[in-house]
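A.B. asks: In the numbering used here, the protein residues as written are 543 to 710. We treat Cβ as the ideally placed atom computed from N, Cα and C, and that holds for glycine. Questions regarding the structure given below will be posed in turn.
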Ligand code: DQA
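This is the structure:
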């Protein structure tokens, strides 16, 4: 039997309301940004590029719309605020994409928070931390993160979004 022309073709002809499969809740990805990332655009552009954090967020939001996920973007210069946001994310987001900036290299508190919440966390950096000063080669948080994206400039954020959406 041919589907009736007056009904939407993707639905079975007997079900004009819609498909019977339950709708999945929209996945939420939380982007957390640490100290000095509010200065992007003017901060050492030869290392971090000329994109501002607002323009990076805009491109992440654009990609998120295509992927059908929701993104929340935050920045703070304070270590304790990052710890609090990670704690609060438990149970309310699918994954976290974290550019912990300099706290990447120093913060046992962040590492403990990530381990405690048992959420997939994607570590991300604009610059390639392994190609820079030796004190940046060590990441305190890497062992408790799902993976690391480092060195692709603003594209690191889009790659982190792609990874965050797919991890379980
Ligand atoms: C950074 C790299 C860190 O070493 C540095 O302290 C930052 C930014 C990056 O995105 O490349 O502030 O996380």
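Under 8 Å, do residue 601 and residue 570 count as touching if we go by C-beta distance?
C.D. replies: Going by C-beta atoms, residue 601 is not nearer than 8 Å to residue 570.
A.B. asks: For residue 632 versus residue 595, is the C-beta distance shorter than 8 Å?
C.D. replies: Contact flag unset, no.
A.B. asks: Quick one: grab the DSSP three-state call for residue 580.
C.D. replies: Here residue 580 sits in helix by DSSP.
A.B. asks: Thinking just about the alpha-carbon of each residue, which of 668, 592 and 565 is nearest to the one in residue 700?
C.D. replies: Ranking the options by Cα distance to residue 700, first place goes to 668.
A.B. asks: Below 7 Å, is the gap between the Cβ of residue 646 and the nearest heavy atom of ligand 1?
C.D. replies: Answer for residue 646: yes, Cβ within range of ligand 1.
A.B. asks: Going by the C-beta, is residue 580 closer than 7 Å to any heavy atom of ligand 1?
C.D. replies: Result no, Cβ not under 7 Å from ligand 1.
A.B. asks: For residue 677, which three-state DSSP category applies?
C.D. replies: Three-state DSSP puts residue 677 in a helix.
A.B. asks: Going by Cα to Cα distance, which pick from 673, 606 and 637 is closest to residue 656?
C.D. replies: Looking at the Cα atoms, 637 is the closest of the given residues.
A.B. asks: Classify residue 616: buried if its beta carbon has 16 or more other beta carbons within 10 angstroms, exposed otherwise.
C.D. replies: So residue 616 counts as exposed.
A.B. asks: Return helix, strand or coil for residue 553, following the three-state DSSP convention.
C.D. replies: Its pLDDT being 39, under 50, residue 553 is placed unreliably in this model, and the value from its coordinates should be taken loosely. Of the three classes helix, strand and coil, the one that applies to residue 553 here is coil, per DSSP.
A.B. asks: Kindly indicate which residue of 648, 707 and 620 has the alpha-carbon position closest to the one of residue 684.
C.D. replies: Out of 648, 707 and 620, 648 has the C-alpha closest to the C-alpha of residue 684.
A.B. asks: Looking at the unbroken alpha helix (DSSP H) that takes in residue 702, where does it start and where does it end?
C.D. replies: 697-708 is the extent of the alpha helix (DSSP H) around residue 702.
A.B. asks: Taking the beta carbon of residue 634 as the centre, do at least 16 other beta carbons fall within 10 Å, making it buried, or is it exposed?
C.D. replies: When all chains shown are included, residue 634 counts as exposed.
A.B. asks: Just to confirm, does residue 667 get its C-beta within under 7 Å of one of the non-hydrogen atoms of ligand 1?
C.D. replies: Indeed, a heavy atom of ligand 1 lies less than 7 Å from the Cβ.
A.B. asks: Please report the residue range of the beta strand (DSSP E) in which residue 689 lies.
C.D. replies: Element bounds for residue 689: 689-692.
A.B. asks: Is it the case that the segment 639-653 contacts the segment 617-624, given that we only count it when at least three CB pairs across the two stretches are under 8 Å?
C.D. replies: Contact holds: three or more Cβ-Cβ distances are below 8 Å.
A.B. asks: Below 7 Å, is the gap between the Cβ of residue 643 and the nearest heavy atom of ligand 1?
C.D. replies: Yes, Cβ of residue 643 sits closer than 7 Å to a heavy atom of ligand 1.
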